[in-house]
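Which chain is which? The protein sequence lines are A and B, in order. Here the first sequence is numbered in numbering that gives the first Met the number 0, starting from 0 and rising by one per residue. Here the second sequence is numbered in numbering that gives the first Met the number 0, starting from 0 and rising by one per residue. Just below is one structure, and these are the notes that go with it.
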Amino acid sequence: MTEKSRASPVLGLSDDETVKLDFDDASLRTVRYWASRAVKWFKLDGFIILRSSKNRYHVVFDRVVSWGENMRIVAWVALLSHNKGLARWFLMQCIKGCSTLRVSPKREKASPRIVERYSKQDENIKAFLKIRKMIKKMWKNCHF
Amino acid sequence: MVKKIAVYGAYQARIPFKQRFWKTRKDGIHQRYWKLTRRKKTVESKGRYEFHGKGKDLYQAVIKAHRIMPRGFVDVSAEEFLRHPEKYGFEGEWIDREVES
Chain A
0 MTEKSRASPV
10 LGLSDDETVK
20 LDFDDASLRT
30 VRYWASRAVK
40 WFKLDGFIIL
50 RSSKNRYHVV
60 FDRVVSWGEN
70 MRIVAWVALL
80 SHNKGLARWF
90 LMQCIKGCST
100 LRVSPKREKA
110 SPRIVERYSK
120 QDENIKAFLK
130 IRKMIKKMWK
140 NCHF
Chain B
0 MVKKIAVYGA
10 YQARIPFKQR
20 FWKTRKDGIH
30 QRYWKLTRRK
40 KTVESKGRYE
50 FHGKGKDLYQ
60 AVIKAHRIMP
70 RGFVDVSAEE
80 FLRHPEKYGF
90 EGEWIDREVE
100 S
């Protein structure tokens with residue numbers, strides 16, 4: 000069952016030094032709680048929350064970390080929050096060796112929007128938003 | 000590590016495939032062998048590019064990636080991909096199907 004009608008690939012942003020989280024079936028309140036706990040426990044400076052679709056959120060943290068520390072933090076949140084979507088996403092990123100978050104629209108979902116900002120944003124978040132802007136521009140130019 | 004642009008999804012492409020042949024050897028043994036013929040078959044698969052490099056190259060690589068489907072997981076610089084796109088993928092088209100990031 001496939002639809003061939005002018006489909007396009009999904010564009011995302013990958014790297015291994017930014018801590019990212021992908022919550023499925025979670026409210027904004029829950030996501031904010033876990034992001035705040037992680038930012039305090041691991042001293043991650045700051046974070047932004049992006050709404051991917053209904054009850055799906057992405058979190059990006061500001062501090063630069065190593066790949067080992069990155070996965071340690073994601074595993075910690077996945078284990079304590081009992082979020083199945085996040086645990087599954089975490090395993091996928093371990094296999095790939097870098098973590099990816101979607102930037103472009105995907106099927107009926109729009110591209111993720113920033114819904115909350117917290118504290119410092121001048122390191123990884125700044126770089127993330129810069130490349131996100133570039134990818135969104137690319138996607139627009141490819142499709143319009 | 001530099002930040003990379005991930006281009007991923009499900010696709011449909013016509014790929015050449017190896018066909019099975021048989022030959023009878025002089026010693027009487029019936030031996031099977033495989034040969035890449037000109038025949039092609041339509042396959043549906045998932046793939047992913049991870050591009051890194053300069054802005055202009057990245058932009059061109061993403062545009063090219065709309066036509067050239069990746070051979071599995073391709074982690075390559077945008078410049079190298081633009082130089083030899085046939086090495087990293089084959090012609091096809093992306094389809095709408097749920098994929099993981």
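Heads up, the beta-carbon is just placed ideally off N, CA and C, and yes, glycines get one too. It should be emphasised that the depicted structure is a prediction, and the values quoted were computed from it without experimental measurement.
Of all alpha-carbon atoms in A:Val-102, A:Cys-93, A:Ala-34, A:Gly-11, the one lying nearest the alpha-carbon of Asp-61 of chain A is that of A:Ala-34.
Approximately 7 Å separates the beta-carbon atoms of Leu-10 of chain A and Ala-5 of chain B; this is inside 8 Å, confirming the contact.
Arg-31 of chain A and Ala-9 of chain B have their C-alpha atoms roughly 32 Å apart.
Around the beta-carbon of Phe-50 of chain B, 16 or more other beta-carbon atoms lie within 10 Å, marking it buried. Within the region 64-79 of chain B, Ala-64, His-65 place their CB atoms closer than 7 Å to a CB of chain A, listed in sequence order.
Judged by DSSP in its simplified three-state form, Gln-18 of chain B adopts strand. For Gly-45 of chain A, the enclosing beta strand (DSSP E) stretches over residues 45-52. Under the 8 Å criterion on CB atoms, Gly-67 of chain A is classed as non-interfacial with respect to chain B. Cβ-Cβ separation between Met-91 of chain A and Glu-97 of chain B: approximately 14 Å, too far for a contact (criterion under 8 Å).
With fewer than 16 other beta carbons inside 10 angstroms of its own, Phe-20 of chain B counts as exposed. Closest option to Val-73 of chain B, judged by alpha-carbon separation, among A:Lys-95, A:Met-70, A:Tyr-56: A:Lys-95. In this structure Lys-86 of chain B does not touch Leu-12 of chain A by the C-beta definition: roughly 25 Å separates them, more than the 8 Å allowed. DSSP, reduced to helix, strand and coil, places Arg-66 of chain B outside both helices and strands of the structure shown, so it counts as coil. The Cβ of Glu-90 of chain B sits no closer than 8 Å to any Cβ of chain A.
In this structure, A:Arg-55 is the residue among A:Trp-75, A:Val-76, A:Arg-55, A:Cys-141 with its C-alpha nearest to the C-alpha of Ile-113 of chain A. Bounds of any beta strand (DSSP E) do not take in His-83 of chain B, whose DSSP letter is neither H nor E.
By the Cβ neighbour-count rule, Tyr-48 of chain B is buried, with 16 or more other Cβ atoms within 10 Å of its own. In the DSSP assignment, Val-38 of chain A falls within the alpha helix (DSSP H) that extends over 27-40.
Residues of chain A whose Cβ lies closer than 7 Å to the Cβ of Gly-8 of chain B are, in chain order, Pro-8, Val-9. Glu-107 of chain A and Ser-7 of chain A have their C-alpha atoms some 12 Å from each other. Counting C-beta pairs with one atom in each stretch, the region 35-45 of chain A and the region 115-124 of chain A have three or more that are closer than 8 Å, which means they touch. A straight line joining the alpha-carbon of Ser-65 of chain A with that of Glu-16 of chain A spans about 5 Å.
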